[in-house]
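One structure is given here, and the rest of the page talks about it.
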Amino acid sequence: MSSRDPFVRKPFWRRGPLRDRQLRIGFVFLLAVLIFALAGPSLAPHPYDALVGPPYGAPEGAAWLGYDYLGRDVWSRLLTGGRSILWMSIAASLIALAFGTLIGLFAGFAKGRVDQTVVWGTDVILAFPDLILVLLVVSMLGREPWLIVITVAIAFVPGVIRLARSVTLGIAGQEFVDAARMMGYSRRHILLVEIMPNVLTPLLVHLGVMLTWAIAMLSGLSFLGYGVAPPAADWGLMINENRAGLMIQPWTVLAPVALIAIFALGTNLVAEGAGRYNARIEER
Amino acid sequence: MTLVAIAPGGPTLDVRGLTVTLDNGAPIVSDIDLPIAHGRIVGLVGESGSGKSTIANALSGHARRGTAITGGHVLIDGIDMTALDAQGLRNARGRIVANVAQDPATALNPMMRIGDHLDEVLVLHHADLRAQERRARIEEVAQAVGLPTSHEFLRRFPHQLSGGQQQRVLLALAFVLRPKLIVLDEPTTALDVTTQAQVLTVIRQLCRERGIAALYVSHDLAVVRNLVDDIVVLYSGRIVERGARDPFFEAPAHPYARGLLAAIPDVSERVVLHAIPGQAPTPSDRPAGCVFAPRCSSQTERCIAERPTLERLTSDRWVACHHPSGSRFEVGTNAGLIDDQSSEALPVLTAGNINLYYDERQILFDVGFDLPRAGCTALVGESGSGKTTLARALVGLGEAVSGTVVFDGEPFAVASAIRPKEIRRRIQYVFQNPYRALNPRQTVGDILKAAIRHFFPVDPVEASARAAAALERVALPHAILARRPHDLSGGERQRVAIARALVCEPDLLICDEITSALDVSVQAAILALIATLQADGLTVLFVTHDLAVVRAIADKVIVLRGGRIVEQGPADMVLDRPTHGYTAKLMADSPRLHGDVASVPPLAFA
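Quick note, the sequences are listed as chains W and X, same order. Number 283 marks the last residue of the first sequence (numbering that gives the first Met the number 0); no jumps. Number 605 marks the last residue of the second sequence (numbering that gives the first Met the number 0); no jumps.
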C-alpha cells in the first residue's frame, strides 16, 4: 500500500482483476484451450473421419496420440472436436445466467406472490434430474444443436434463479436500497442500478461451475446418442466411444479428458478470481 | 476509590514491550508496557484501529490471522503467555486468563444449553471434578453473576435469554474457572444503558471480591470512568498515557487524551464539543516521530523528529509526550446557547395518532408530536422502543401505518408509499450505518448526482457542480467524487450520506443514530456539522439511544418506550427534571463523564 506511486501506471496484468495470480493462471488455461479448439480444425493432419490406421493403434510417427476404436487419428479428432462442445456449453451457461439473473432479481425484489410463484416454478424444474429433462426434450423435438443448448440452459436456469434470488433478498434489505426507495427512484433504477451490480459476484462464480456441468452434460448426451452425431469429432463423444479401449490405447480417452479438465479448471480459476476481485470492491 | 494492596509476588499481569505486527512487518501495537495489580480493574481506551483488541487478544497469547506477536512478553501470574506452546495455551486460556466477548449473541453456541456451556469448561479443565461438584460450581458462579440457578434456567438455550442475561452467561463462563486475569472486550456495547449498568456492577463486584485483575477494553470513556481504577489510553498502537483514574480525568496530560475528553458529550451538562482534526494513521504509514504529532495543536519540530517514550510524570502517571499538559481539564458549557422558547413558530411537521403494525404486531401506539422549525428534536428510546420504526415511517419506509402527518401546513398520508415527490425531496433521512447506506458499486459522484437529477431538471455539468458544493458543505474534498465508499473512512461515509440528503435541499433531516457506528472524535465532528446545518435553517429529528448526545445537540426531547411516547418537552427540562420514571431511570443509568462518579447500585438478582 505505502509503496504505491500514483504517477507510474502499472502494466495491465498488475492492475484490475488480472492482479490476482490465480485468475491469471486460469485465464492462460482458458485461452490455451479456446485457441486450440478454434484454430484446431485447420491444423488437423487428417480429416477427422478418415480411417488412417488400425483400431486402437498405438502412437506412431505423425499420429502421435495413436488411433481410436475405428482407426481414426486421435490428434486430428482432438483438434477438430473442441469447437462444438465449447460453444454449446458456453452458450447454454450464458443463456441460463442471463435469464436466471433477471428472473431471480425480480423475484427477490418483488417478494410476495411473484416470488412464491417463481420459487414453485424452479422447484418443478428442479424435480426432474437435469439429464432426464434434456433427454426428454431432445427425444421429442430432435437433436438440433441450438435445441440442445436451449434445453441445457433451461435445466440450469432454476439454479441461477435460486442463487440470484437469495442474494437479491440480502442486498434488497440493505440500507442503500432503502435510501433509493425513500428517494422515490424507479423500480427499474433500483433493480438494475442499485441491486444488480451487487448480485453479480456469486453469479460469476456460479457461471464457472455451470460451464463445467454443461461440458459434462453435453458429453453425456453424446454418449447416449442424443448429442453430436457419431461420425463428428467431439471431445465428449470421443471419451464415450473409446471407453472400451481405455486399457489398450489410453490416449484416445485421456487426451480429451485432459483438455476438458484444463478448460474446467481455467473457468473455475477465472470465475473465482473475478468473484474475489468483485468482493474486494464490496469489502466493508 | 478503593485501594488494593499489590500482591507480594508482583502484579498479576505484566506486559513488557509487547509488539504485534502485520505479516508485512508494519506494527499494529508497539512497545506496550502494561502492569495490572491483583484485583485491580484497568480500562484500555482507544478509538477503532488503535490496537485495543489486538492487545486484548495478545493477553491470551493469540494473534489474529495475518498478524503475529513479534516482541515482548505477557506475564500472567509469572507465566509467559508468549512462550507457551499450543497445549500450554489451551490449558492457560480460561484457567489463567479468561475472555469476555463483545457480542454475547454470537459468542454462545445456539444449539447448546446454558448449563452445558458452563459444564463443558469445567470438564475440560477439571477432569477430576465429579458431576455433583461441577453442578455446585455452576450454581455458585451463576448466582455470583446474578443469574437464576434453577435447573429449569440452566436447561435453556441462548436464544431464550435476554441480551443482558446472555452477557452474564459469558461472565459466568469467564469466572467459573477462577482465572487470575479477565479480559473484557467492550462487553456492554450491545446492551441498553440499564442492562449495561447492571453488568458493570457485576464485573466490579466479582473482581473485587475474588481479587481478579481485569482489563476492560472500551471506546467509551464514560463507561470506563465509572468502572476502573486505572486507565490506559492507546493511540495508533502506542500507549500515550497511563495512570490512576481520578487524576487522569481531572487533568489528562497527553494532548490526545485531552482531545478525546473534549470530544465526548456528557449526559449531565451541555458541553461544547471539539473534534480532533485529521485521522489516525494506518499501521503502514505511521509517522516517525510522535504518532499523534500530525493532529496535535501543540506539536513542535521535536515531536516530528523524535518519538517520545512513556515517561513517569507523577507517582501514578506515565505519559508519552514532549509537552505534557499540567493543567486541569475544563469543559466549556453552552447552556445559554439553546433557547427553549424558540418553538413559537409554526412547526415544520406535526404528527398525530400514528399507529404502526408489523405483521400482526403493533409497534407504535397513538404517537403524536411536532417538530419545531429549525430546531433539533431528539427521539430517544432503548432498542425495541420503536424509534427507528417511527423515523422510517416518516419517510415512507413504514409497513402498515395509519395517522396524520402535517408537513409545512399540508397534510399528507403517511401510509401511502406513493407520496408526492416534493415531500420525498423535502424530508431526507440519514441511516445509522454508513457502511451499508451507500452502494459499494457507485462512486460518490454517481450517488450524489443520481439524487440531484432525480429531483431537479439540471444538466450533468450543473449536477456535478452541485455535488461538489454539497461535499464542501460537509467539509469533504472534491476528489472524493471519484472514489467509491470502500475507499472512505466511516466518518467520511457518513458525511457523504449527509451530502446526499443535502443535495435534495431538504427542510427536515431525519438522522437515525448517525453517530453510533463512529468513533467519538468523529462523532463530535458530525454533531458539529449537524449544528451548522441547523443554524442554516434545517430542522433536524435526531434518533438516538445516547442521552449524552441528546444533551449536546437537542433542544427538544421525545422519549419513546415500547412504542408509546412517555415524555416530551424541552431537552434540559426533560433531562434534568424528568417527570416519568422511565426517563429518570435512563438518566440515572447513563454513565457520566464529568461530575461525581455514580455510586455502585446494589447488585440486582434477576
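Note that beta-carbon positions come from the ideal geometry of N, C-alpha and C, so glycine has one too.
Assuming residue i contacts residue j (C-beta within less than 8 Å), just tell me the rounded distance between them.
i: G71 of chain X; j: T18 of chain X; result: 6 Å
i: L214 of chain X; j: L447 of chain X; result: In fact, because the Cβ distance is near 44 Å, the residues do not count as touching under 8 Å.
i: L348 of chain X; j: F406 of chain X; result: 5 Å
i: R435 of chain X; j: F175 of chain W; result: 7 Å
i: R136 of chain X; j: L121 of chain X; result: 6 Å
i: A228 of chain W; j: L22 of chain W; result: Contact doesn't hold; Cβ gap of about 37 Å is too wide.
i: L559 of chain X; j: L378 of chain X; result: 6 Å
i: T105 of chain X; j: A67 of chain X; result: Contact doesn't hold; Cβ gap of about 25 Å is too wide.
i: H116 of chain X; j: V168 of chain X; result: 7 Å
i: L309 of chain X; j: R241 of chain X; result: 7 Å
i: I557 of chain X; j: T376 of chain X; result: 6 Å
i: G210 of chain X; j: V28 of chain X; result: That belief does not hold up - the Cβ atoms of G210 of chain X and V28 of chain X are roughly 28 Å apart, past 8 Å.
i: I525 of chain X; j: I509 of chain X; result: I525 of chain X to I509 of chain X, Cβ: 15 Å. No contact.
Starting from residue i, follow the beta strand (DSSP E) in both directions and report where the run begins and ends.
i: G42 of chain X; result: I40 to V44
i: I94 of chain W; result: Per DSSP, I94 of chain W belongs to no beta strand (DSSP E); it is in the alpha helix (DSSP H), G81 to A109.
i: S29 of chain X; result: P26 to I35
i: P569 of chain X; result: R563 to P569
i: I181 of chain X; result: L180 to D184
i: Q441 of chain X; result: Element bounds for Q441 of chain X: n/a, residue is neither H nor E.
i: Y624 of chain X; result: This structure cannot settle anything about residue 624 of chain X, because the visible part of chain X is limited to 0 through 605.
i: T538 of chain X; result: T538 to T543
i: E193 of chain W; result: E193 of chain W -> no beta strand (DSSP E), and no H or E assigned at all.
i: A97 of chain X; result: V96 to V99
i: S217 of chain X; result: A212 to S217
i: T69 of chain X; result: T66 to I75
i: Q427 of chain X; result: I426 to V429
i: E240 of chain X; result: R237 to A243
Which same chain residues, not among the five before or five after residue i, have their C-beta less than 6 Å away from its C-beta?
i: G490 of chain X; result: L517 and V521
i: F98 of chain W; result: V156
i: V318 of chain X; result: E240, A252, H253 and L312
Does any residue of chain W bring its CB to less than 9 Å from the CB of residue i?
i: Y428 of chain X; result: yes
i: P410 of chain X; result: no
i: A449 of chain X; result: yes
i: L470 of chain X; result: no
i: L17 of chain X; result: no
i: A392 of chain X; result: no
i: G395 of chain X; result: yes
i: Q441 of chain X; result: yes
i: Q101 of chain X; result: no
Where do the N-terminal and C-terminal ends of the alpha helix (DSSP H) with residue i fall, by residue?
i: V130 of chain X; result: The sequence as given places Ala at residue 130 of chain X; Val does not occur at that position. Start and end: A130 to A143.
i: D129 of chain W; result: D129 to L140
i: G158 of chain W; result: P144 to A171
i: Q195 of chain X; result: V192 to R209
i: D118 of chain X; result: I113 to H124
i: I34 of chain W; result: R20 to L42
i: E504 of chain X; result: It is not in any alpha helix (DSSP H) - E504 of chain X carries neither H nor E in the DSSP assignment.
i: L58 of chain X; result: Element bounds for L58 of chain X: n/a, residue is neither H nor E.
i: Y68 of chain W; result: It is not in any alpha helix (DSSP H) - Y68 of chain W carries neither H nor E in the DSSP assignment.
i: L226 of chain X; result: From DSSP, L226 of chain X is part of no alpha helix (DSSP H); its letter is neither H nor E.
i: G163 of chain X; result: G162 to F174
i: T531 of chain X; result: V519 to A534
Identify, in the order they occur along the chain, each residue of the same chain with its Cβ nearer than 7 Å to the Cβ of residue i, setting aside the five sequence neighbours on each side.
i: A95 of chain W; result: A152, F155, V156, V159 and M209
i: G402 of chain X; result: A350, G351, N352, I353, N354 and V413
i: N56 of chain X; result: A62 and R63
i: A530 of chain X; result: I552
Examine chain X for any beta-carbon lying closer than 9 Å to the beta-carbon of residue i, and answer yes or no.
i: Y276 of chain W; result: no
i: V204 of chain W; result: no
i: G183 of chain W; result: yes
i: T251 of chain W; result: no
i: F108 of chain W; result: no
i: R180 of chain W; result: yes
i: H188 of chain W; result: yes
Taking 8 Å as the limit between beta carbons, can you name the residues of its chain near residue i, skipping five residues before and five after?
i: R472 of chain X; result: A498, L501 and L532
i: L134 of chain W; result: L220, L223 and Y225
i: R20 of chain W; result: none
Go through the region 271–317 of chain X residue by residue and report every complete run of the beta strand (DSSP E) that reaches 3 residues or more, in order.
310–313
Any chance you could list the beta strand (DSSP E) runs of at least 3 consecutive residues sitting entirely within the region 330–411 of chain X, in chain order?
348–357, 360–370, 375–379 and 399–406
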